[in-house]
Amino acid sequence: MSNRDENESGRDAAPRPQVFVTETPDEPGAGFAEPLAPQVIATAETGRIVPARAPEPKAAGVAPHRRRRRGLAMKLGVAGLLAAFCGWLGIDLYLWIAATFEFSTGAGWAATAAVATGTAAALAIIGHETRSYLALRKVAANQQLIAAHRDTMGAADMQAAIRGVIAGIPEDRETEAAIEAFQRQVRRHHSPAQQVALFSQNVMALLDRRAEAIVRRAGARAFGITAISPTAVTDALFFLACSVRMVREIAACYGHRPSALATAHLLRRLVVEAGKLGAVDLAGATLTQHLGAAVAERVAASAAEALYAAQRMARLGLATMSLCRPVPFRPDEVPGMLSSLLGNLLAPGGQTRDDE
Amino acid sequence: MSLFDRAGAGLSEWLSAVPDLAELVRGSTVNLAVTGLSRAGKTVFITSLVHNLLSALHQPHRMPLLKAVGDGRLIAARLAAGRPGDLSRFPYERNIERMASSPADWPARTTDLSAIEVDIRFAPTGALGFVLGTVGSGVATLKLRIVDYPGEWLLDLPLLAQGYAQWSRATLALCRQGLRGETARDFLAFQSDRRHDQAASEDDARRAHDLYRRHLLAARDRHGFSFLQPGRFLDPGSLGDDPRLCFAPLETGGALAALMERRFDAYKAEIVAPFYERHFRNYARQVVLVDVLGALLAGREVFEDTRRAIDAILESFRYGQGGIIGRLLGGARIEKVLFAATKADHVPDVQRDHLAALLRSMVALSSLEAASRNAGIEVAALASVVSTDEDTQVIDGHLVQVVVGKPVGSNTRAKFFVGNVPARPPRQEAWGKPFLNIPVFEPPLIDVSPIDGIAHMNLDLALDYLVGDRLR
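Taken in sequence, the protein lines are chains A and B.
Quick note: the first sequence, position 60, residue 626 per this note's numbering, numbers continuous.
Quick note: the second sequence, position 89, residue 381 per this note's numbering, numbers continuous.
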C-alpha cells in the first residue's frame with residue numbers, strides 16, 4: 567500500500583510517526599562557519615591590561631522579589647471588610663460631629679479638629695506599618711530567592727539580590743568596613759554561590775557574631791532568673807519575657823523586625839518552650855520531693871532547671887537567627903549550641919568584643 | 293653482605309623515608325603534585341600560587357575563597373629556607389621579575405626539575421586551635437611542597453608498565469594515523485626501507501632516533517599534539533645526548549630492534565623509574581592542569597590526543613584515602629584531585645562554565661578510577677594570571693563577547709573571539725578547522741614585591757579545595 571492510500575484509509579486516525587528531512591550543511595564542521603569561528607582582531611589601543619573589578623554592589627537598589635499571589639476571593643474579602651469598617655467609622659464620626667454642631671458650634675469645630683488629628687495620626691501609623699511590612703516582605707523574599715536559586719541564578723541577579731540585602735543592613739562603622747571588604751573581594755568571574763559565600767564571610771559573619779552575643783546574654787539571663795525564681799509560673803513568665811526581648815534584639819541586629827510569618831512561627835515556639843519548661847519544673851519538683859533533703863532539693867532542682875532554660879533559650883536564639891538572617895546559613899556556617907552558650911567562657915577575659 | 297647487614301640497611305632506608313612522628317600525627321606537610329602536559333601552565337600556576345600566598349598578609353582580598361584567608365586566620369606565608377631536598381629551587385623570583393618587567397613576558401619553558409616549599413602559618417580552629425591557643429602560641433604551620441618539571445616527562449610514566457614490543461606496536465600505529473602520518477613520514481620511510489635481517493649499527497640507531505625525535509618535535513610544535521613518548525626526546529633536561537636516549541620504536545625482530553629494546557629497558561630502569569620513585573610516590577594532593585581551550589581549538593585529533601595523554605598519565609598515580617599507617621609504610625596516596633581547565637581568562641564570562649563542563653566530560657572516564665578509590669574529585673576553570681579583559685565586538689553584524697589583551701611583542705591590544713565553547717565534546721561532524729593561533733597575551737601589571745599579589749581566577753578556590761582541610 568502506498569503512503570497516499572495509507573493516509574486516506576486512516577484519515578481519522580491519530581498522526582503516525584514520521585521523519586521530516588531538513589536541510590543539513592554540506593560540509594562537515596559547517597556549524598563552526600564564520601562568524602562563529604575563532605579569530606583575533608587587532609585594535610589601536612596600547613597599554614597593558616589592568617584586570618577589571620566586578621561592578622560593586624551599592625546600598626541603593628531594588629531587590630528582585632516574587633510576590634506570593636493571594637486568591638482573588640481573599641483579596642476581595644479583605645478589601646470589603648476594610649471598606650465596611652472605614653464606612654462605618656466615617657459615618658459614625660460624621661454623625662458625631664453633626665450632633666456636636668447641633669449642640670454648639672464651638673464644640674462642633676473642636677470635634678472636627680479632634681477627628682482630623684486622629685485621622686492624620688492613624689494614617690501616619692498605617693503608613694509606617696505598611697512601609698515596615700513591605701520592607702520585611704522584601705527581605706523575606708530575598709532570603710527565599712537566595713536559598714532557592716543560589717546555585718542556578720545568574721551572576722547579575724545575585725548581585726541585585728545582594729544589593730537588596732545590603733540596603734537593609736544596619737549602618738555603622740563595622741558593617742561599612744565589612745561591606746567595603748566584600749566589594750574589594752568580589753570579582754566578575756565569581757559565581758553566584760561564591761558571591762554569597764564571600765558576602766556571608768565578610769558581612770553576615772559580623773552580624774552573626776553580634777547575634778550570638780545576644781543569644782549568650784539571653785542564655786545567661788534565663789539561667790540566672792530561673793535559678794532564683796520561686797515558682798514554675800514565674801519561670802515561664804520570665805522565660806517568655808527574655809525570649810521576646812531576645813527575638814526583638816536579634817531582628818534589629820540583622821536590620822529588621824521578623825515578618826508576620828516569622829513572628830507567628832516564633833511565638834508558637836515560645837509557647838512550646840514555655841510549656842516544656844513548666845513540665846520540667848513539675849517533674850523537678852516531684853523528683854526533689856522524693857529526694858527529701860531541703861538543701862539538695864533546692865540545689866538539684868534549681869541547677870537543672872536553670873541549665874535547661876539556658877539551653878532552650880540558646881536553641882530559640884539560633885532558630886531566630888536563621889529566620890532573621892537575610893542570607894540563609896550554609897551548612898558550615900550554622901553556629902553551634904556549645905559556642906553560643908559557652909562563648910563567654912571560652913573567649914579571652916570571659917567576654918567577647920561583641921558582648922561589650 | 294650478611295643477612296643482618298642487609299636487614300639493617302633496609303630498616304635504615306625505610307626509616308629515612310618515613311616522616312617523623314609529629315609529621316605523622318599532624319600532617320603538617322602537603323606534597324602537592326602539579327600535573328599537566330606541556331604548555332598547560334604549570335610554571336605560571338606555581339609562580340602565581342606562591343606569589344599570592346606570600347602577598348596574602350598585605351592583600352588578603354586576592355584570595356578570599358581560601359577559607360584561612362577569608363576568615364582572617366592566615367598569619368603569614370614565607371618561602372622555606374634552603375634547598376628543597378636534592379632538587380634545585382624553583383625560580384620563583386626570576387619568573388616574577390620576568391612577568392613584571394617591561395615588556396612583560398611569561399616564564400621560560402621548564403627544562404629540568406625544581407622544587408619550592410612555602411611555610412604557611414595560620415591560626416587553627418576547633419579543639420586544636422583552643423589547645424594551641426591555651427598552651428602555646430596559637431599558631432600552626434603547614435609546609436606546602438611543590439615540584440616543577442617539564443610536562444613532557446609525565447608521559448614517560450606509562451612506559452613503566454609496558455614492554456618495548458607493546459610500546460612500539462602502539463606507537464607505530466599512532467604514527468600512521470591522521471596528522472601524525474605527515475610528520476612521521478620520513479621515520480616510517482626509514483623503517484620500510486630497512487631490511488629486518490640487516491646487522492645493527494650505531495649509525496642506524498642514531499638515524500632512527502633522530503628521525504623519530506624530529507617527528508615528535510614537529511607533532512608538538514606544528515599541530516599541538518601531547519601524547520608523545522618518550523618525553524625526554526622532546527626535552528632531555530640534564531641528560532643531553534645520553535646514549536640511553538638513542539632508541540626509537542621499531543617493528544620487532546632483527547638486530548636493530550633488539551638493540552633498541554635494550555636501550556628502552558635501560559631508559560625505563562635508570563631514568564624513568566627513579567624519577568617516579570623520587571618525585572611521584574609521596575603526593576597527597578594533585579592538581580591536573582589541562583589547556584582545554586587549546587585542545588578544543590586545535591581540532592578533533594588533538595583534542596582526542598589530549599584526552600588520551602591525560603588518561604595515560606592518571607593511570608600512573610595511586611589514589612585513595614591515606615592514613616597514618618599508610619604514611620608509616622611509605623604508601624602515600626593521592627586523596628584529592630582537582631582537574632583544572634587553565635587559561636580561563638581567554639574565554640568570556642558567559643562561556644567560562646562550559647570550559648569546566650568540557651573538562652569534566654574529557655576526564656570523566658579517567659577520574660572514575662580515582663573516585664572509585666574514595667579520592668575526592670573536583671573540576672574547575674581557572675586562570676593563574678588574568679591577562680585579559682572583557683569586551684564586545686561586532687562580527688558580521690553580530691555583537692559577540694570577546695576578550696581583549698596585549699599580545700606579547702605587540703604594541704597594540706588585540707581582541708580574541710574564541711567562538712563557541714561547547715559544554716560537551718562536539719560531535720564528529722561539528723568540528724571546525726583547527727585554529728592554532730591562540731594569542732599569547734602579556735601578563736598584567738604586577739608588583740615584584742609580594743604586596744599586591746596577582747589577579748587570578750579561582751586560584752584561591754583551587755587551593756582551598758586542595759589544602760583547605762589542612763589549614764583548619
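Note that CB positions come from ideal geometry on N, CA and C, so glycine has one too.
Here the structure is a predicted model, which means the values were calculated and not measured.
M554 (chain A) by DSSP, collapsed to three states: which one?
Not covered by the structure: residue 554 (chain A). The range shown for chain A is 567 to 922.
Between L542 (chain B) and M552 (chain B), what straight-line distance do the alpha-carbon atoms span, to the nearest angstrom?
Looking up residue 542 (chain B) in the second sequence gives position 250. Looking up residue 552 (chain B) in the second sequence gives position 260. Going from the Cα of L542 (chain B) to the Cα of M552 (chain B) covers about 8 Å.
Alpha carbon to alpha carbon, how far is L882 (chain A) from Q578 (chain B)? Give it in angstroms, no decimals.
On the second sequence, residue 578 (chain B) is found 286 positions in, with the first residue counted as 1. On the first sequence, residue 882 (chain A) is found 316 positions in, with the first residue counted as 1. When rounded, the distance between both Cα atoms is 44 Å.
Is it buried or exposed, E444 (chain B), if we count other Cβ atoms within 10 angstroms and call 16 or more buried?
The residue given as residue 444 (chain B) occupies position 152 in the second sequence. The residue is buried, with at least 16 neighbouring Cβ atoms inside 10 Å.
According to the Cβ coordinates, are R754 (chain A) and D641 (chain B) closer than 8 Å?
As a working mapping, residue 754 (chain A) is identified with position 188 in the first sequence. As a working mapping, residue 641 (chain B) is identified with position 349 in the second sequence. Closer than 8 Å, so yes.
Run the proximity test for D478 (chain B): is its beta-carbon closer than 7 Å to any non-hydrogen atom belonging to the ligand ZN?
This structure lacks the ligand ZN; in fact it carries no ligand of any kind.
Please report how far the alpha carbon of T598 (chain B) lies from the alpha carbon of P442 (chain B), in whole angstroms.
In the second sequence, residue 598 (chain B) corresponds to position 306, counting from 1. In the second sequence, residue 442 (chain B) corresponds to position 150, counting from 1. Going by the C-alpha atoms only, they are around 16 Å apart.
Between the stretch 338 to 348 of chain B and the stretch 368 to 382 of chain B, are three or more C-beta pairs nearer than 8 Å?
Segments in contact, yes.
Quick one: grab the DSSP three-state call for I438 (chain B).
Within the second sequence, residue 438 (chain B) is the residue found at index 146, counting from 1. Residue state, collapsed to three classes: strand.
Look at the Cβ atom of A462 (chain B), then the Cβ atom of A500 (chain B), and state whether they are nearer than 8 Å.
Within the second sequence, numbered from 1, the residue matching residue 462 (chain B) stands at position 170. Within the second sequence, numbered from 1, the residue matching residue 500 (chain B) stands at position 208. Not closer than 8 Å, so no.
Hey, is the stretch 563 to 580 of chain B in contact with the stretch 321 to 334 of chain B, meaning 3+ C-beta pairs nearer than 8 Å?
A contact exists between the stretch 563 to 580 of chain B and the stretch 321 to 334 of chain B.
Listing by chain order, which chain A residues have their CB less than 9 Å from the CB of D641 (chain B)?
Along the second sequence, one-based indexing puts residue 641 (chain B) at 349. Ordered by position in chain A, the residues that pass the 9 Å Cβ test against D641 (chain B) are A721, R754, H755.
By alpha-carbon positions, which one of A:C819, A:L806, A:T792 ends up nearest to A779 (chain A)?
Reading the first sequence from its first residue, position 213 is the one you call residue 779 (chain A). When each option's Cα is compared against that of A779 (chain A), the closest is A:C819.
Where are the beta strand (DSSP E) runs, 3 residues long or more, that stay fully inside the stretch 658 to 699 of chain B, in chain order?
Taking only runs of at least 3 residues, the beta strand (DSSP E) segments lying wholly in the stretch 658 to 699 of chain B are 668 to 673, 681 to 687, 690 to 697.
Measure the C-alpha to C-alpha separation of D502 (chain B) and D533 (chain B) and round it to an integer number of angstroms.
Walking along the second sequence from the start, residue 502 (chain B) turns up at place 210. Walking along the second sequence from the start, residue 533 (chain B) turns up at place 241. Answer to the nearest angstrom: the Cα atoms are 11 Å apart.
Are the beta-carbon atoms belonging to V606 (chain A) and N729 (chain B) less than 8 Å from one another?
Translated into positions along the first sequence, residue 606 (chain A) becomes position 40. Translated into positions along the second sequence, residue 729 (chain B) becomes position 437. Result yes, Cβ atoms of V606 (chain A) and N729 (chain B) sit closer than 8 Å.
When DSSP labels each residue in this structure, what does R716 (chain B) get in the three-state scheme?
Here the question's residue 716 (chain B) lines up with position 424 in the second sequence. In the structure shown, R716 (chain B) sits in coil (DSSP, three-state: anything other than H, G, I, E or B).
Since I believe D683 (chain B) is in contact with K790 (chain B) (beta carbons under 8 Å), could you give me their beta-carbon distance rounded to a whole number of angstroms?
Any question about residue 790 (chain B) goes unanswered here, given that chain B covers just 293 to 764.
With 8 Å as the threshold, decide whether the Cβ of A576 (chain B) is near any Cβ in chain A.
Taking the second sequence and counting its residues from 1, one reaches residue 576 (chain B) at position 284. With 8 Å as the cut-off, A576 (chain B) does not count as an interface residue toward chain A.
What's the gap between the Cα of G586 (chain B) and the Cα of S460 (chain B)?
For the purposes of this step, residue 586 (chain B) is identified with residue 294 of the second sequence, where counting begins at 1. For the purposes of this step, residue 460 (chain B) is identified with residue 168 of the second sequence, where counting begins at 1. So the alpha carbons of these two residues sit roughly 28 Å apart.
Could you tell me the boundaries of the beta strand (DSSP E) in which A396 (chain B) lies?
For the purposes of this step, residue 396 (chain B) is taken as residue 104 along the second sequence, with counting starting at 1. Here A396 (chain B) belongs to no beta strand (DSSP E), and DSSP marks it neither H nor E.
Do G516 (chain B) and I615 (chain A) have their CB atoms nearer than 8 Å?
What you label residue 516 (chain B) is simply residue 224 of the second sequence in a count that begins at 1. What you label residue 615 (chain A) is simply residue 49 of the first sequence in a count that begins at 1. Cβ atoms of G516 (chain B) and I615 (chain A): not closer than 8 Å.
Under a three-way DSSP split, which group does K707 (chain B) fall into?
Here residue 707 (chain B) corresponds to residue number 415 of the second sequence, with the count starting at 1. Looking at K707 (chain B) - three-state DSSP - the assignment turns out to be strand.
Would a C-beta distance cut-off of 8 Å place T417 (chain B) and R764 (chain B) closer than the cut-off?
Start at 1 with the first residue of the second sequence, and residue 417 (chain B) comes out as number 125. Start at 1 with the first residue of the second sequence, and residue 764 (chain B) comes out as number 472. Yes, the pair counts as a contact, with Cβ atoms nearer than the cut-off.
How many angstroms separate the CA atom of A626 (chain A) from the CA atom of N708 (chain A)?
Residue mapping note: residue 626 (chain A) aligns to position 60 of the first sequence, counting from 1. Residue mapping note: residue 708 (chain A) aligns to position 142 of the first sequence, counting from 1. Only weak support exists for where A626 (chain A) lies, its pLDDT of 40 falling under 50; the value from the coordinates is given anyway. Approximately 15 Å, taken between the alpha carbons.
Under 8 Å, with one C-beta from each stretch per pair, do the stretch 626 to 634 of chain B and the stretch 663 to 676 of chain B reach the 3-pair mark?
Contact holds: three or more Cβ-Cβ distances are below 8 Å.
Counting only the same chain and skipping the five closest in sequence on each side, list residues whose C-beta sits under 8 Å from that of A754 (chain B).
Here residue 754 (chain B) refers to the residue found at position 462 when the second sequence is read from its first residue. The residues are V579, L630, A632, A672, L674.
Do D801 (chain A) and S795 (chain A) count as a contact pair if the criterion is CB distance below 8 Å?
In the first sequence, the residue the question calls residue 795 (chain A) occupies position 229. In the first sequence, the residue the question calls residue 801 (chain A) occupies position 235. Yes. Within cutoff.
May I have the straight-line CA-CA distance separating L857 (chain A) from M879 (chain A), to the nearest angstrom?
The count along the first sequence starts at 1 and reaches residue 857 (chain A) at position 291. The count along the first sequence starts at 1 and reaches residue 879 (chain A) at position 313. For L857 (chain A), the predicted structure reports a pLDDT of 48, less than 50, and the residue's modelled location is therefore unreliable. The matter cannot be settled from this model.
Quick one: which chain B residues come within Cβ less than 8 Å of L764 (chain A)?
For the purposes of this step, residue 764 (chain A) is taken as residue 198 along the first sequence, with counting starting at 1. Neighbours of L764 (chain A) on chain B, chain order: P356, L357, G362.
In three-state terms, what does DSSP make of I746 (chain B)?
For the purposes of this step, residue 746 (chain B) is taken as the residue at position 454 of the second sequence. Three-state result, I746 (chain B): coil.
In whole angstroms, what separates the C-alpha of Q819 (chain B) from that of D397 (chain B)?
Nothing in the structure corresponds to residue 819 (chain B), since chain B is present only between 293 and 764.
Are the CB atoms of A656 (chain B) and E627 (chain B) within a distance shorter than 8 Å?
Locating residue 627 (chain B) in the second sequence gives position 335, counting from the first residue. Locating residue 656 (chain B) in the second sequence gives position 364, counting from the first residue. Not closer than 8 Å, so no.
Going by alpha carbons, who is nearest to S679 (chain B) out of B:C467, B:S664, B:A747, B:R381?
The residue labelled residue 679 (chain B) in the question sits at position 387 within the second sequence. Of B:C467, B:S664, B:A747, B:R381, the residue nearest in Cα terms is B:A747.
My guess is that Y757 (chain B) and E670 (chain B) are in contact by the Cβ rule of under 8 Å, so how many angstroms apart are they, rounded?
On the second sequence, position 465 is the one that residue 757 (chain B) refers to. On the second sequence, position 378 is the one that residue 670 (chain B) refers to. Between E670 (chain B) and Y757 (chain B) the Cβ distance is about 5 Å, and since that is below 8 Å, they are a contact.
Rounded to whole angstroms, what's the CA-CA distance from R633 (chain A) to R354 (chain B)? Just pull it up for me.
Residue mapping note: residue 633 (chain A) aligns to position 67 of the first sequence, counting from 1. Residue mapping note: residue 354 (chain B) aligns to position 62 of the second sequence, counting from 1. Because R633 (chain A) sits at a pLDDT of 48, beneath the cut-off of 50, its placement in the model cannot be relied upon, and the following sentence gives the value as read from the coordinates. Cα to Cα, the separation comes out at about 38 Å.
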